[in-house]
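**Q** A single structure is presented below for examination.
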Amino acid sequence: MVNTPTQHSMPWTATPPTSWPDAPTYLTFSTLKEIEACPRRWALSTASYPSLWDGRGYPSKANIKAMAGTVVHTVLETLTKELVDAGCESVCDPSAITVLQRLEGLSRVIEKAIDQVCSHLAANPRAFRLSDYFTRSLKSQIPELRSSVQTMLAKRTLFAKPNSSSTMPLRHERGPLSHGVYCELELRVPHLQWKGRADLLSLTPDTCEITDFKTGAPSEDHAFQLRIYAVLWYLDKTLNPTSSLATQLALAYVQGDTMVQAPTKEDIAQFEDELTARGATARKIITEHPPEAKPSAEQCRFCGVRHLCDVYWQPDIQQQLANEHDDHSKTFVDAEVSVTKQHGPKSWDISIVSDTDEVQGLLRTAGDLDVQPGQRLRVLDAALSKYDTGTNSVICLTIGTFSEIYIVSP
Ligand code: SF4
């Protein structure tokens, strides 16, 4: 039986999957980067967990920044489609006002996108308890989200066809693209087993402009990703049977656009070799069961499945990660602890496992916690503090809104 969010109370057991996932049929840029960064993380995140839910992979931890980015993407997609369908060449086109009025204004479009994004939390057993919090928090950010959308859309020229009723191809209708503007367009190259989803592709008789919307900080990977889209466009014989080249590549950041040089035919041949080689290596790495773990302070700190990763919790690895981390005055920490006994109504005496010894401490929660003496727990993102008893100093781990506790299987 599959647990629904309300049936499945925390803390969960940190149980790794019973079987490891196969390599995906098609690779994408983000999957390649995930596998290259840490194959174990990719495998733990992608495996099936039927005892937790019937969704794909391990239930993800909600992240407000990622959700805000998804909201901006959703709004940009909605607006672009509506503007193109109305024959507007840009958001500055006088008829764009009519489009926005019909949609009840930009703030309303953002509000609907927030509701849509947050509705996924309701089905996520790991995140549903925070659904209201995230909805409220995102709605309080509407002015900033609005400004991001306006900046990113302002520079877009949509090359709309005057009589076009819809420029969005349906997924089951993959075929040669006519001139127009396409949002969230899937590019697919069977012989490479690669695919990608371009945020915006504008096609005229002489040009092909691919734009990727980026809500986070600029990174060198973004340019590489965009060039992969240009390669996939060139090689996608179904959408682009005449093999036209991308002529302009733009990364649309909140701070403004960054142009990326479009690859030539010679560049594309090199890219093809690189994608084939890196793809083959990534596919091979994940045939190991379990796949290799690559612990590093940068990767592990934000790893959403670190409670399932036995390598991460090894005391010598914890020490290595602590040494790599620049900030030794961290306020929020992960710790593996053993419950000694209940200390008070909402506190437990614990011993904290470390590289050299076991340190006595206290675990405090705001609500009820169903744990027993003798159990081992993995505590994530607990607030770290120390208090003085008069004779010694006790480490205190306090469970907050974003902390998690998992029971380690005996
Ligand atoms: S905790 Fe670190 S080593 Fe383990 S899966 Fe996550 S990123 Fe990889």
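According to my numbering, the residues represented by the sequence shown are 10 to 419, in order.
For every residue, glycine included, the Cβ atom is placed at its ideal position computed from N, Cα and C.
1) Which residues have a Cβ closer than 5 Å to any heavy atom of the ligand ATP, listed in chain order?
2) Within the same chain, show all residues whose beta-carbon is closer than 7 Å to that of Ala163, passing over the 5 residues directly before and after it, in chain order.
3) When the distance is taken between beta carbons, is Cys405 closer than 8 Å to Tyr415?
4) Out of curiosity, what's the CA-to-CA distance linking Asp343 and Leu112?
5) Compare the C-alpha of Val81 against each of Ser146, Lys204, Ser157 and name the closest.
6) Given a cut-off of 8 Å, decide if Asp208 and Trp220 are closer than it, judged by their beta-carbon atoms.
7) Apart from the five residues just before and just after Phe38, which ones in its own chain have a Cβ nearer than 7 Å to its Cβ?
8) Okay, do the region 288-298 and the region 40-54 touch, 3+ Cβ pairs below 8 Å being the bar?
9) Could you name the residues of the same chain whose beta carbon sits closer than 6 Å to that of Leu241, not counting the 5 residues immediately before and after it, in chain order?
10) Which partner residues of Ala391 appear in the DSSP bridge assignment?
11) Let me make sure I understand the geometry here. Which of Ser412, Gly370, Asp390 has the alpha-carbon closest to that of Asn401?
12) Can you give the Cα-Cα distance for Gln329 and Val314, rounded to whole angstroms?
13) Excluding sequence positions up to five away, which residues of its chain have a Cβ less than 7 Å from the Cβ of Ala306?
14) Please state whether DSSP places Gln327 in a helix, a strand or coil.
15) Please name the residue in Leu92, Phe137, Leu88, Arg145 whose C-alpha comes closest to that of Val118.
16) Quick one: any contact between the region 270-280 and the region 23-35, if contact means 3 or more CB pairs under 8 Å?
17) Can you tell me whether Phe311 is helix, strand or coil according to DSSP?
18) Just how far apart, CA to CA, sit Asp102 and Ser412?
19) Report the partner residues of Thr22 according to the DSSP bridge assignment.
20) Could you pull out every residue in the same chain whose Cβ sits closer than 8 Å to the Cβ of Val320, ignoring the five residues on either side in sequence?
21) Any contact between the region 67-82 and the region 50-59? By contact I mean 3 or more CB pairs, one from each, below 8 Å.
22) I'd like to check one pair, Val93 with Leu167: are the Cβ atoms closer than 8 Å?
23) Just the C-alpha distance for Lys148 and Tyr191, rounded to the nearest angstrom, thanks.
24) Since Leu201 and Leu284 are thought to touch, with beta carbons under 8 Å apart, how far apart are those beta carbons, to the nearest angstrom?
25) Buried or exposed: Thr176, going by 16 or more other Cβ atoms within 10 Å of its Cβ?
26) Would you kindly work out how many angstroms separate the C-alpha atoms of Leu130 and Gln381, rounded to a whole number?
27) Taking the alpha-carbon positions, what's the Glu345 to His352 distance?
28) Would you decide whether Gln16 is buried or exposed? Buried here means 16 or more other CB atoms lie within 10 Å of its CB.
29) I'd like to check one pair, Lys339 with Leu8: are the Cβ atoms closer than 8 Å?
30) Have a look at Met7 and Leu248 and give me their C-alpha separation to the nearest angstrom.
31) Determine, using beta carbons only, whether Thr407 and Ala391 come nearer to each other than 8 Å.
32) Expressed to the nearest angstrom, what Euclidean distance is found between the alpha-carbon atoms of Glu218 and His231?
33) Return the CA-CA distance between Ala105 and Asp266, expressed in angstroms with no decimal places.
34) Which of the three DSSP states is assigned to Ile151 in this structure?
35) With the cut-off set at 8 Å, would you say Val362 and Leu372 are in Cβ contact?
**A** Here's the rundown:
1) Judged by which ligands are present, the ligand ATP is missing from the structure shown, whose ligands are the ligand SF4.
2) Val100
3) no
4) 45 Å
5) Ser157
6) Checking the displayed sequence, the identity of residue 220 turns out to be Thr instead of Trp. Going by C-beta atoms, Thr220 is nearer than 8 Å to Asp208.
7) Gly205, Gln234, Ile237
8) yes
9) Leu196, Val198, Gly205
10) Val342
11) Gly370
12) 19 Å
13) Leu330, Glu333, His334
14) helix
15) Leu88
16) no
17) coil
18) 48 Å
19) Ile416
20) Arg49, Ala302, Pro304, Ile326
21) yes
22) yes
23) 28 Å
24) 6 Å
25) Low confidence applies here, because Thr176 scores a pLDDT of 47, under 50, leaving its location unreliable; read the following figure in that light. That one is buried.
26) 30 Å
27) 18 Å
28) Its pLDDT being 41, under 50, Gln16 is placed unreliably in this model, and the coordinates cannot settle the point.
29) Missing from the structure shown is residue 8; the chain here goes from 10 to 419 and no further.
30) Look at the range of the chain in this structure, 10 to 419, and you will see that residue 7 is not part of it.
31) yes
32) 16 Å
33) 22 Å
34) helix
35) no
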